[in-house]
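This report refers to the structure that appears directly beneath it.
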Amino acid sequence: MESRQLGTSGLRVSRMGLGTLSWSTSTDAEDAANQLAAFVDAGGTLVDTADIYGEGEVERLLGSLLRSLVPRDHVVLATKAVARRTGGPFGGGASRGALLSALDGSLRRLGVEHLDLWQLHAWDHAVPIEETLSALEYALRSGKVRYVGVCNYTGWQLATAASELDGGRIVSVQSEYSLLERGIEREVVPAAAHHGIGVLPWAPLGRGVLTGKYRTGTPADSRGASTAYANYVEQHRTERAARIVEAVVTAAEGLGTSPLSVALAWVRDRPGVIAPIVGARDKSQLAGSLAAESLTLPAAIKAALDDVSAIEFGYPERWPV
Numbered sequence: 001m002e003s004r005q006l007g008t009s010g011l012r013v014s015r016m017g018l019g020t021l022s023w024s025t026s027t028d029a030e031d032a033a034n035q036l037a038a039f040v041d042a043g044g045t046l047v048d049t050a051d052i053y054g055e056g057e058v059e060r061l062l063g064s065l066l067r068s069l070v071p072r073d074h075v076v077l078a079t080k081a082v083a084r085r086t087g088g089p090f091g092g093g094a095s096r097g098a099l100l101s102a103l104d105g106s107l108r109r110l111g112v113e114h115l116d117l118w119q120l121h122a123w124d125h126a127v128p129i130e131e132t133l134s135a136l137e138y139a140l141r142s143g144k145v146r147y148v149g150v151c152n153y154t155g156w157q158l159a160t161a162a163s164e165l166d167g168g169r170i171v172s173v174q175s176e177y178s179l180l181e182r183g184i185e186r187e188v189v190p191a192a193a194h195h196g197i198g199v200l201p202w203a204p205l206g207r208g209v210l211t212g213k214y215r216t217g218t219p220a221d222s223r224g225a226s227t228a229y230a231n232y233v234e235q236h237r238t239e240r241a242a243r244i245v246e247a248v249v250t251a252a253e254g255l256g257t258s259p260l261s262v263a264l265a266w267v268r269d270r271p272g273v274i275a276p277i278v279g280a281r282d283k284s285q286l287a288g289s290l291a292a293e294s295l296t297l298p299a300a301i302k303a304a305l306d307d308v309s310a311i312e313f314g315y316p317e318r319w320p321v
């Protein structure tokens with residue numbers, strides 16, 4: 001698998017990341033181990049988790065695998081903080097106390113001395129950004145964290161954090177981005193480019209819809225059929241999404257590949273994108289994503305997909321006109 005520089009930082013990561021959200025729901029420990037081994041064997045390095053996945057159990061599982069299955073120094077270990085983990089004054093949020101408590105908890109559960117990439121899961125409107133960034137600055141100076149990033153920030157939030165962090169820099173922004181969700185192209189992507197920040201798309205397969213599995217119904221073993229994720233998937237089951245999915249399927253048939261590979265290759269090679277974060281239920285699902293590594297979309301197909309999935313730009317994004 002090829003690697004890319006994360007923004008303008010010196011950190012290099014594989015151009016596909018392994019997500020672990022499903023490890024807390026539909027993926028058991030054996031399947032998680034098989035996924036991690038297959039991903040690293042394929043040359044993958046970026047492994048992404050969060051302190052709230054499985055109420056901390058995913059970090060514990062990942063940490064055990066880094067001790068027993070895959071050497072710690074073979075992966076770029078990324079996790080997140082901010083989301084509410086427990087009750088009490090330090091159980092969530094982006095205050096200095098809550099963040100440093102979360103950092104210590106993640107290090108303890110993962111069983112490591114440092115994180116390669118520590119990410120703020122969301123903006124906290126209740127906390128001054130200066131206080132939030134002071135926790136990142138401490139984490140960097142202490143050596144507990146090597147690089148920092150953010151997730152789900154708007155363009156102005158990203159630019160603010162990038163401009164005000166002292167003693168380090170924001171190297172990544174993780175946002176939902178796919179053929180079905182291109183909203184970050186209005187402000188987040190330009191802000192990231194301006195500040196030398198790499199984009200890490202989550203849900204690059206449109207929450208599974210771009211695989212084509214929902215074209216004729218809801219498979220019983222899919223996320224769309226589960227109580228936990230039905231609404232999550234339903235947001236992308238619209239008439240517009242159906243048109244885009246058909247275009248992806250047509251492109252895949254013409255290229256002799258899968259809709260999954262087409263959708264993943266499209267977002268992987270968008271301007272500013274460093275590594276889509278892919279999740280899978282088991283090793284066989286992951287294999288489908290890994291197969292996209294060898295696919296480069298022809299210019300005509302990229303243009304057609306750009307066109308069918310285009311979003312509106314207006315004032316002030318397209319000023320002057």
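Once you know that position 144 of the sequence shown is 144 in the UniProt record's numbering, the rest is easy, because the numbers rise by one and skip nothing. A virtual CB, placed ideally from N, CA and C, is assigned to each residue, including glycine. Just so we're clear, the structure is a prediction, and the values are computed from it rather than from any experiment.
Boundaries of the alpha helix (DSSP H) in which residue i is found, first to last residue
i           : result
Arg268      : Pro259 to Arg268
Lys302      : Ala299 to Val308
Lys283      : Lys283 to Leu290
Ala81       : Where Ala81 is concerned, there is no enclosing alpha helix (DSSP H), although the beta strand (DSSP E) it sits in stretches over Val76 to Ala81.
Leu107      : Arg96 to Leu110
Tyr138      : Ile129 to Ser142
Gly91       : Note, Gly91: premise wrong, no alpha helix (DSSP H); not H, not E.
residue 324 : Since the first residue shown for the chain is 1 and the last is 321, residue 324 is missing from the structure and cannot be characterised.
Ala190      : Inspection of the sequence shows that residue 190 is occupied by Pro rather than by Ala. Here the alpha helix (DSSP H) through Pro190 covers Val188 to His194.
residue 357 : Since the first residue shown for the chain is 1 and the last is 321, residue 357 is missing from the structure and cannot be characterised.
Own chain, CB closer than 6 Å to residue i, minus 5 neighbours either side, in chain order
i      : result
Val189 : Gly272
Gly60  : It is worth fixing the name first, because residue 60 is Arg in this sequence and not Gly. Same-chain partners within the cutoff: Arg109.
Pro219 : Lys213
Gly183 : none
Asp116 : Val76, Leu77 and Arg146
Outcome for residue i when other beta-carbon atoms lying within 10 angstroms are tallied against a minimum of 16
i      : result
Glu113 : exposed
Thr86  : exposed
Ala303 : exposed
Asn152 : buried
Arg141 : exposed
Ala135 : buried
Gly63  : buried
Leu69  : exposed
Ala300 : exposed
Thr296 : exposed
Pro316 : exposed
Ser175 : buried
Ala89  : The sequence given here places Pro at residue 89; Ala does not occur at that position. Result: exposed.
Asp28  : exposed
Nearest to residue i (by Cα), restricted to the options the options
i      : options                           : result
Ser106 : Arg96, Lys144, Glu131 and Leu69   : Lys144
Gln240 : Glu181, Gly10, Asp269 and Leu136  : In the sequence under discussion, the amino acid at residue 240 is Arg, which differs from the Gln named in the question. Of the candidates Glu181, Gly10, Asp269 and Leu136, the one whose C-alpha sits nearest the C-alpha of Arg240 is Glu181.
Glu164 : Glu185, Gly88 and Glu130          : Glu130
Arg237 : Ala247, Gly224 and Val127         : Gly224
Ser178 : Gly217, Val262 and Tyr147         : Val262
Gly56  : Ala42, Thr79, Asp41 and Gly44     : Thr79
Leu286 : Tyr214, Trp266 and Ala42          : Ala42
Glu2   : Asp269, Gly279 and Ser22          : Asp269
Leu133 : Gly279, Val199, Ala162 and Ser258 : Ala162
Gly208 : Val248, Leu260, Ile184 and Thr216 : Leu260
Phe39  : Glu317, Gly288 and Pro316         : Gly288
Thr257 : Gly111, Glu30 and Glu293          : Glu293
Tyr229 : Thr211, Ser26, Val249 and Arg215  : Ser26
Arg215 : Ala247, Ala203, Ile184 and Arg12  : Ala247
Arg15  : Gly88, Arg281 and Val267          : Val267
Ala94  : Gly17, Val127 and Leu18           : Val127
Ala265 : Thr160, Gln235, Glu234 and Asp306 : Asp306
Gly155 : Arg186, Asn231, Lys283 and Leu200 : Arg186
Arg67  : Ile277, Gly111 and Thr160         : Gly111
Gly97  : Tyr138, Gly10 and Trp202          : Tyr138
Gly217 : Glu234, Ala203, Trp118 and Val148 : Glu234
Cβ neighbours of residue i in the same chain (closer than 8 Å, five flanking residues each side left out)
i           : result
residue 325 : This structure leaves residue 325 out entirely; the chain is present only between 1 and 321.
Arg243      : Val308
Leu158      : Val150, Ile170, Val173, Val188, Ala191, Ala192, His195 and Ile197
Beta strand (DSSP E) segment containing residue i, residue limits
i           : result
Gln5        : Ser3 to Gln5
Val12       : Here residue 12 is Arg; the residue named in the question, Val, does not match the sequence. Element bounds for Arg12: Arg12 to Ser14.
Gln119      : Leu115 to Leu120
Arg146      : Val145 to Cys151
Trp319      : Element bounds for Trp319: n/a, residue is neither H nor E.
Asp48       : Leu46 to Asp48
Gly19       : Gly17 to Gly19
residue 327 : Outside the displayed range of the chain (1 to 321) lies residue 327, so it cannot be described from this structure.
Leu200      : Gly198 to Trp202
Below-8 Å beta-carbon distance, residue i vs any chain B residue
i      : result
Val199 : You won't find chain B in this structure, because it holds only one protein chain.
Chain-order list of residues whose beta-carbon lies under 7 Å from that of residue i (same chain, five-residue window excluded)
i     : result
Leu21 : Tyr53 and Gly279
Ser24 : Tyr53, Gly54, Glu57 and Val58
Gly44 : Met1, Ser14, Met16 and Leu18
### Inter-stretch contact at 8 Å, needing at least 3 Cβ pairs: the segment 296 to 313 / the segment 39 to 54
no
### Message
Check whether the segment 244 to 255 and the segment 168 to 176 are in contact - that is, three or more C-beta pairs closer than 8 Å.
### Response
no
### Query
Given 8 Å as the limit, is there contact between the segment 96 to 106 and the segment 64 to 76, that is, 3 or more CB pairs closer than that?
no
### Task
Taking 8 Å as the threshold, find out whether the segment 1 to 13 comes into contact with the segment 28 to 37 through three or more Cβ pairs.
no
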